[in-house]
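S.K.: If you read the protein sequences in the order shown, they are chains A and B.
Each residue of the first sequence is one higher than the one before, starting from 1 at the first, in this note's numbering.
Each residue of the second sequence is one higher than the one before, starting from 1001 at the first, in this note's numbering.
Glycine is no exception: its CB is placed at the ideal position from the N, C-alpha and C atoms.
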Amino acid sequence: MDMQVAKKKLGLKERYAVMTRGLDWTPSYQKMEDIYPYIAYEGIKIHDWDKWEDPFRLTMDAYWKYQAEKERKLYAIIDAFNQNNGHLNVTDARYINTVKLFISGISPLEYVAHRGFAHAGRAFPGPGPRVACLMQSLDEIRHAQTQVHSISNYNKYYNGMHDFHHAHDRVWFLSVPKSFFDDAITAGPFEFMVSIGFSFEYVLTNLLFVPFVSGAAYNGDMGTMTFGFSAQSDEARHMTLGLEVIKFILEQDPANVPIVQRWIDKWTWRGYRVLTLVAMMMDYMLPKRTMSWKEAWEVYFEENGGALFKDLARYGIKMPKCAEQIALEKDHLSHQAWSTFYNYAAAANFHTWMPDEDEMAWLAAKYPNSFDKHYRPRYEFWREQAAKGNRFYNKTLPMLCQTCQIPMIFTEPGDATKICYREVDYKGDKYHFCSDHCKEIFEHEPEKYVQAWLPVHQIYQGNCFPEGTDPTVEGFDPLAAVLKYYNLEHGRDNLDFDISEDKKNFAEWRGQATKNI
Amino acid sequence: MSTVFLALQTNEETRPIIEAILQDNPNAVVDEQPAMVKINADGRLVVRRETIEEIIGREYDLQEMQVNMITMSGNLDQTDDEITLFWKS
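1. Which of the residues in the region 240-258 of chain A, read from start to end, lie with their CB under 9 Å from any CB of chain B?
2. Looking only at its own chain, which residues have a Cβ that is under 7 Å from the Cβ of Ile46/A, when we skip the five neighbours before and after it?
3. Does DSSP put Gln83/A in a helix, in a strand, or in coil?
4. Roughly how many whole angstroms lie between the Cα atoms of Arg492/A and Asp429/A?
5. Counting along the chain, where does the beta strand (DSSP E) carrying Glu1032/B start and finish?
6. The ligand PLP and Glu467/A: does any heavy atom of the ligand fall closer than 7 Å to the residue's C-beta?
7. Determine the chain A residues that contact Val1067/B at a beta-carbon separation under 8 Å, and present them in chain order.
8. Checking contacts by CB at 8 Å: is Ala17/A closer than that to chain B?
9. If contact is defined by three or more beta carbon pairs under 8 Å, each pair taking one atom from either stretch, is the region 296-307 of chain A in contact with the region 237-244 of chain A?
10. Just checking my contact of Ile1070/B with Tyr1060/B at CB under 8 Å: how many whole Å lie between their CB atoms?
11. DSSP three-state label for Ala76/A, please.
12. Check Leu1006/B in the structure and name its three-state DSSP category.
13. Could you list which residues in chain B have their beta carbon closer than 9 Å to that of Lys13/A, in chain order?
14. Less than 8 Å between the C-beta atoms of Ile151/A and Ile103/A, yes or no?
15. Based on DSSP bridge pairs, tell me the residues matched to Met1036/B.
16. What are the start and end residues of each continuous alpha helix (DSSP H) run of 4 or more residues lying completely inside the region 176-254 of chain A, in chain order?
17. Since Leu58/A meets chain B, which of its residues come closer than 9 Å, beta carbon to beta carbon?
18. So which residues on chain B does Asp221/A lean against when the C-beta distance must stay under 9 Å?
19. Between which residues of its own chain and Tyr344/A is the CB-CB distance below 7 Å, once the five residues before and five after are set aside?
20. In terms of DSSP beta bridges, what is Lys294/A paired with?
21. Taking 8 Å as the CB-CB limit, is Ser214/A close to chain B?
22. With Glu53/A and Gly128/A assumed to form a contact (beta carbons below 8 Å), what rounded beta-carbon distance in angstroms separates them?
23. Since Val210/A meets chain B, which of its residues come closer than 7 Å, beta carbon to beta carbon?
24. For chain B, find out if any of its Cβ atoms is closer than 8 Å to the Cβ of Phe229/A; answer yes or no.
25. Let me confirm a value: His444/A is counted as buried when at least 16 other C-beta atoms fall within 10 Å, else exposed. Which label applies?
26. Would you list, in chain order, the members of the region 191-209 of chain A that have their beta-carbon closer than 7 Å to a beta-carbon of chain B?
27. Compute the Euclidean distance between the alpha carbons of Asp139/A and Ser230/A, then round it to the nearest angstrom.
28. Suppose the cutoff is 7 Å on Cβ atoms and the five residues either side in sequence are ignored; what does the same chain contact list for Gln458/A look like?
29. Figure out for me which residue from Gln1063/B, Pro1026/B and Asn1011/B has the closest Cα to the Cα of Asp1077/B.
30. Give the straight-line distance between the Cα atoms of Lys321/A and Glu467/A, rounded to the nearest whole angstrom.
31. Who are the near neighbours of Ala184/A in its chain, counting only those whose CB is closer than 6 Å to its CB and skipping five residues on each side?
32. Output the distance between the C-alpha atoms of Phe519/A and Trp269/A, rounded to the nearest integer angstrom.
33. Which residues mark the beginning and the end of the beta strand (DSSP E) in which His432/A is found?
34. Taking a contact to mean a Cβ-Cβ separation below 8 Å, would you say Ile1039/B touches Ile1021/B in this structure?
35. So, at 8 Å on beta carbons, what are the nonlocal neighbours of Asp496/A in its own chain, with the 5 sequence-adjacent residues on each side left out?
36. How about Pro287/A and Tyr95/A: are their beta carbons less than 8 Å apart?
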């Protein structure tokens, strides 16, 4: 038998150099500024693109190999989950509302991220970031697809998920995550990298994925847990890209520092406002809780983000100033958000409920400074009213913040009894804001934010009714028309969990799974 | 020094990796969570290829870890032999 002599392989560093910089060339008959037209206008100065290196030194050939393995593992589990009626193993059917929130609020963002990274990668003259952006762009479309595939099994049995992408583009509260990403992809390529690559992926992603995924694990949802972990395995690479991009930009020129600082301030706040939905999910929607929003914020932002900003201090980068206000809000955020959804449950694509006694005790223990004083009394009142048959679904549309598009529900930092209102006059119109930070973001780029598609304004302007609707006929019910436009069915996809088809069906099916009928 | 961490999925592939990390990093602390193992260390954490290979008894490419990684914190540097996570301050 012939002896197999192993060929001398290139080392990781050499392989990376050959497969990234080695594939690049200098154009000879086109000008660089014509090929890369978006690279200068943001004011970021780059002197040497070759200084950028992916710390994982991942090349496209290795990328395909490991991504294929992740897909094989994921689909094996999704098949097993579906074959085994895995949806009946979740803690209780309330849990499925977190899946509805995920598919309509988060998965469409994965698709937009795919487009964003494809665009940013095309815009950069350096082969290092271009290859890394290509990989992340492919990751993001993989996430969108695997999430749709995993959650499609829930859609066979439960309501509210049937037209998630249509909902994402229309439903009032979904304009919060949608406008966040639209804001990012309409920025320049460097701002996009700082907004999504750094602020969202590095600073905030742990607060999105880890709670959703460990929430799924705690609540018996193997399908969501598996796509979550599969996506999360790409996330470690995205975080590294985000941090590397920031360090690279800051090292290239001191003039970049103030520009980057402004972006970090803006996008940490923008991202945090979107995470309001996650805060509410963690504290109210998971039947079996993992940790409170406040605890997650302390571990993943204050501790971990603190270490990050300490490390970046050598470049002159400071902790974003909004961190102070976020610290004041952490006792209130999730409660104010859930109260709002309980109010507007008639216009949402998932169900709401009031926490039971055990859950109230958990909330009181996790939020000793705020829950019993400010939130328990109103929940008890609402519960009493519902028991008397007076469940009130609010049909009056709220005022929205022009920047984050969240209803003006947040209280003054440090005073939980007073709603926070800010306003700005711009070119003869008045604009409203939920906070100083959202107001400052507007004031810096008013021409961008005056164009915001605010769902409430659009409804009042008559733009959110099905074609041919006549709002002037007697007895016109605007909410019914809006729900039709959302493609949601009143009484099936919305309102309280207690009266839902989901609750009834889940109990019946679980009964069938354990008895011989 | 600030804490760096690495979180891996809990499964048969990561069990020897975690064992290797604990051998090579006396300052590492394991935090076991549902379906996830988080390894915290003060300032610096090293994953060494050789230690993993000794435990599993076969050649190992550190890039295989991509499949089971959940999240990490710190600056990262990867070579053929090591993955290092570190804070500079």
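M.R.: The short version:
1. Going along the region 240-258 of chain A in chain order, one finds Thr240, Leu243, Glu244 and Lys247 with a Cβ nearer than 9 Å to chain B.
2. Here the set comprises Gln252.
3. Helix.
4. The alpha-carbon of Arg492/A is positioned some 39 Å away from that of Asp429/A.
5. Unbroken beta strand (DSSP E) run through Glu1032/B: Val1029 to Gln1033.
6. This structure lacks the ligand PLP, and indeed carries no ligand of any kind.
7. Within chain A, the residues near Val1067/B are Tyr66, Glu69, Lys70, Lys73 and Ser233.
8. Among the residues facing chain B, Ala17/A is not included, as its CB has no counterpart in that chain under 8 Å away.
9. No, the region 237-244 of chain A does not touch the region 296-307 of chain A.
10. Wrong, their Cβ atoms sit about 19 Å apart, outside the cutoff.
11. Helix, per DSSP.
12. It is a strand residue.
13. For Lys13/A, the chain B residues whose C-beta falls within less than 9 Å of its own C-beta are Thr1079 and Asp1080, listed in chain order.
14. Cβ atoms of Ile151/A and Ile103/A: closer than 8 Å.
15. In the DSSP assignment, Met1036/B is bridged to Gln1009/B and Gln1033/B.
16. Complete alpha helix (DSSP H) runs here, min 4: 189-192, 205-218 and 222-252.
17. Within 9 Å Cβ-Cβ: Gln1063, Gln1066 and Gln1078.
18. Neighbours of Asp221/A in chain B, taken as residues at a C-beta separation under 9 Å, are lacking, since the least C-beta distance is about 11 Å.
19. Here Tyr344/A has Asn394 as same chain residues with Cβ atoms under 7 Å from its own Cβ, once five neighbours each way along the sequence are excluded.
20. According to DSSP, which records beta bridges pairwise, Lys294/A is partnered with nothing at all.
21. Under the Cβ criterion of 8 Å, Ser214/A is counted among the residues facing chain B.
22. Right, the Cβ-Cβ distance comes to about 6 Å (below 8 Å), so this counts as a contact.
23. Ordered by position in chain B, the residues that pass the 7 Å Cβ test against Val210/A are Thr1071.
24. Interface residue, yes.
25. Classification for His444/A: exposed.
26. Going along the region 191-209 of chain A in chain order, one finds Asn206 with a Cβ nearer than 7 Å to chain B.
27. When rounded, the distance between both Cα atoms is 10 Å.
28. Close CB contacts of Gln458/A within its chain, under the 7 Å cut and outside five residues either way in sequence, are with Cys464 (chain order).
29. The candidate whose alpha carbon is nearest that of Asp1077/B is Gln1063/B.
30. Going from the Cα of Lys321/A to the Cα of Glu467/A covers about 46 Å.
31. Hits under 6 Å: Phe192, Ser195 and Ile196.
32. Past the edges of chain A, shown from 1 to 517, lies residue 519/A, and the structure says nothing about it.
33. Asp429 to Phe433 is the extent of the beta strand (DSSP E) around His432/A.
34. Less than 8 Å divides the Cβ of Ile1039/B from the Cβ of Ile1021/B.
35. In its chain, beyond the 5 residues on either side, Ala345, His351, Thr352, Trp353, Ala386 and Arg391 have a beta carbon closer than 8 Å to the beta carbon of Asp496/A.
36. Going by C-beta atoms, Pro287/A is nearer than 8 Å to Tyr95/A.
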